[in-house]
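Trainee: The listed protein sequences correspond, in order, to chains B and D. Numbered per the UniProt record's numbering, the first sequence spans residues 1 to 145. Numbered per the UniProt record's numbering, the second sequence spans residues 1 to 145. In this text, a Cβ means the ideal position worked out from N, Cα and C, and glycines have one as well. In this text, all values refer to a predicted model and were calculated from it rather than measured experimentally. Just dropping this structure here.
2 protein chains.
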Amino acid sequence: MDGRDFGRELSTAVVAFHEAVGARLGVTAVDQRALALIAGKGPLTAGELAKEINLTPGAVTGVADRLERAGLVRREPDPGDRRRVVITAIPGAFGRVFAGLSAAMDELSARYTPEEQQVIGDWVVRTIAVLKEQTRLLNGPPGRA
Amino acid sequence: MDGRDFGRELSTAVVAFHEAVGARLGVTAVDQRALALIAGKGPLTAGELAKEINLTPGAVTGVADRLERAGLVRREPDPGDRRRVVITAIPGAFGRVFAGLSAAMDELSARYTPEEQQVIGDWVVRTIAVLKEQTRLLNGPPGRA
Chain B
1 MDGRDFGREL
11 STAVVAFHEA
21 VGARLGVTAV
31 DQRALALIAG
41 KGPLTAGELA
51 KEINLTPGAV
61 TGVADRLERA
71 GLVRREPDPG
81 DRRRVVITAI
91 PGAFGRVFAG
101 LSAAMDELSA
111 RYTPEEQQVI
121 GDWVVRTIAV
131 LKEQTRLLNG
141 PPGRA
Chain D
1 MDGRDFGREL
11 STAVVAFHEA
21 VGARLGVTAV
31 DQRALALIAG
41 KGPLTAGELA
51 KEINLTPGAV
61 TGVADRLERA
71 GLVRREPDPG
81 DRRRVVITAI
91 PGAFGRVFAG
101 LSAAMDELSA
111 RYTPEEQQVI
121 GDWVVRTIAV
131 LKEQTRLLNG
141 PPGRA
């Protein structure tokens, strides 16, 4: 397997899918990444989200506005400190758009033996780590790419 | 393996990587997808690219402008019909940014036996097909998502 070719085509397909989701919901790719963070790490303040996603506070306000308009998040007072506002993912709203993909991916997964699924899962986990490291390098000091 | 969880995290990592590439080169995710098409399908006219990528001719002009400024494509007369202008990928320019990722992915691939690589490759090819089909459905008539 040549990691280069498959990787390029897979990543193009992922980006195209996210663009289609974005067009459907009126949210950008960055908004979707923010939503994945909010859903994964629990309710976040705008400041926490800004730090996680490497955006300015002003940009995060725009992200949260679009996600709220699309019915994907809501802003609410932090139950632990009601002076703080946290952004919470609305369960189900995003999932509905991804439902078809999830079902198709589960169906695909079922084609493989448990041992094969383990190999695929291992590769996916390691690929995620590679992508995160390469992203970190690209976001590093200029001139190192 | 749960296709849902892995898929979401993998696709988030892919999108984050593309954003970092875009920030580094001054091109958007759509520009990168256009570049992948130009590189994959050979020189394309602006009209052909517009059709492939589902953009208006005006939007394609902006895409081609940004890619040209970033040194990733050039516009040149079609050798077969010099009244037509085609957009050609500049070999190497984009590859240099992806070189680190390609090397890391080749290294990762080498951890697996040929049989395991075959399973992974098969899964990647089928995942690409699933993503394309789901993208097609999302881009279909409104109200079907």
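One question on the structure: do residue 70 of chain D and residue 40 of chain D come within less than 8 angstroms of each other, judged by their Cβ atoms?
Mentor: For residue 70 of chain D and residue 40 of chain D, no; Cβs fall outside 8 angstroms.
Trainee: Determine contact between the region 114-133 of chain D and the region 119-133 of chain B, defined as no fewer than three beta-carbon pairs at a distance below 8 angstroms.
Mentor: In short, these stretches touch, since the Cβ pair count reaches three.
Trainee: Tell me which residues share the same chain as residue 54 of chain B and place their Cβ nearer than 8 angstroms to its Cβ, disregarding the 5 neighbours each side in the sequence.
Mentor: So the qualifying residues of the chain are 139.
Trainee: Sort out for me which residues DSSP pairs residue 75 of chain D with in a bridge.
Mentor: For residue 75 of chain D, which the question treats as bridged, DSSP gives the partners D:87.
Trainee: Who are the neighbours of residue 59 of chain B on chain D, taking C-beta pairs under 8 angstroms?
Mentor: Ordered by position in chain D, no residue passes the 8 angstroms Cβ test against residue 59 of chain B, which lies about 12 angstroms from the chain.
Trainee: Please tell me whether residue 14 of chain B has its Cβ less than 8 angstroms away from any Cβ of chain D.
Mentor: Yes - at least one Cβ of chain D is within 8 angstroms of the one on residue 14 of chain B.
Trainee: Quick one: which unbroken alpha helix (DSSP H) runs of 4-plus residues sit fully inside the region 17-45 of chain B? Chain order, please.
Mentor: Runs of the alpha helix (DSSP H) inside the region 17-45 of chain B: 29-41.
Trainee: Just how far apart, CA to CA, sit residue 103 of chain D and residue 86 of chain D?
Mentor: Cα-Cα distance, rounded: 31 angstroms.
Trainee: Count the other C-beta atoms from every protein chain shown that fall within 10 angstroms of the C-beta of residue 129 of chain B, then say buried if there are 16 or more, exposed otherwise.
Mentor: Classification of residue 129 of chain B: exposed, given that the 10 Å Cβ count is below 16.
Trainee: Do we get a CB-CB distance below 8 angstroms when we pair residue 87 of chain B with the residues of chain D?
Mentor: Chain D contact via Cβ: absent.
Trainee: What is the C-beta distance between residue 64 of chain D and residue 75 of chain D, in whole angstroms, given that I count them as a contact (C-beta under 8 angstroms)?
Mentor: At roughly 7 angstroms, the Cβ-Cβ gap stays under 8 angstroms, so residue 64 of chain D and residue 75 of chain D are in contact.
Trainee: If you count every other CB in all the chains shown that lies within 10 Å of the CB of residue 115 of chain B, and 16 or more means buried, which is it?
Mentor: It counts as exposed.
Trainee: Report yes if the C-beta distance between residue 73 of chain D and residue 37 of chain D is below 8 angstroms; otherwise report no.
Mentor: No, the pair does not count as a contact, with Cβ atoms beyond the cut-off.
Trainee: If we define contact as Cβ-Cβ less than 8 angstroms, is residue 42 of chain B a contact residue for chain D?
Mentor: Residue 42 of chain B does not count as touching chain D.
Trainee: Buried or exposed for residue 66 of chain D, going by 16 or more other Cβ atoms inside 10 Å?
Mentor: Per the 10 Å Cβ criterion, buried.
Trainee: Quick check: the Cα distance between residue 17 of chain B and residue 127 of chain D, rounded to an integer number of angstroms?
Mentor: Residue 17 of chain B and residue 127 of chain D: Cα-Cα distance of roughly 12 angstroms.
Trainee: Residue range of the alpha helix (DSSP H) that residue 138 of chain D falls in?
Mentor: Per DSSP, residue 138 of chain D belongs to the alpha helix (DSSP H) from 114-138.
Trainee: Using alpha carbons as the reference points, say which of D:107, D:61, D:78, D:30 lies closest to residue 42 of chain D.
Mentor: Minimum Cα distance to residue 42 of chain D is reached at D:78.
Trainee: Where does the unbroken alpha helix (DSSP H) through residue 66 of chain D begin, and where does it stop?
Mentor: Per DSSP, residue 66 of chain D belongs to the alpha helix (DSSP H) from 57-69.
Trainee: Count the other CB atoms, across all protein chains shown, that sit within 10 Å of the CB of residue 83 of chain B; report buried if there are 16 or more and exposed otherwise.
Mentor: With fewer than 16 other Cβ atoms within 10 Å, it is exposed.
Trainee: Between residue 127 of chain D and chain B, is any beta-carbon pair separated by less than 8 angstroms?
Mentor: Yes - at least one Cβ of chain B is within 8 angstroms of the one on residue 127 of chain D.
Trainee: Quick one: what does DSSP say residue 92 of chain D is sitting in, helix, strand or coil?
Mentor: It is coil, neither helix nor strand.
Trainee: If you draw a straight line from the C-alpha of residue 144 of chain B to the C-alpha of residue 7 of chain D, how long is it?
Mentor: Confidence at residue 144 of chain B is low in this model, with a pLDDT of 43, below 50, so its placement is unreliable and no value can be given for it.
Trainee: Please classify residue 22 of chain B as buried or exposed, where buried requires at least 16 other C-beta atoms within 10 Å of its C-beta.
Mentor: Buried, by the Cβ-count rule.
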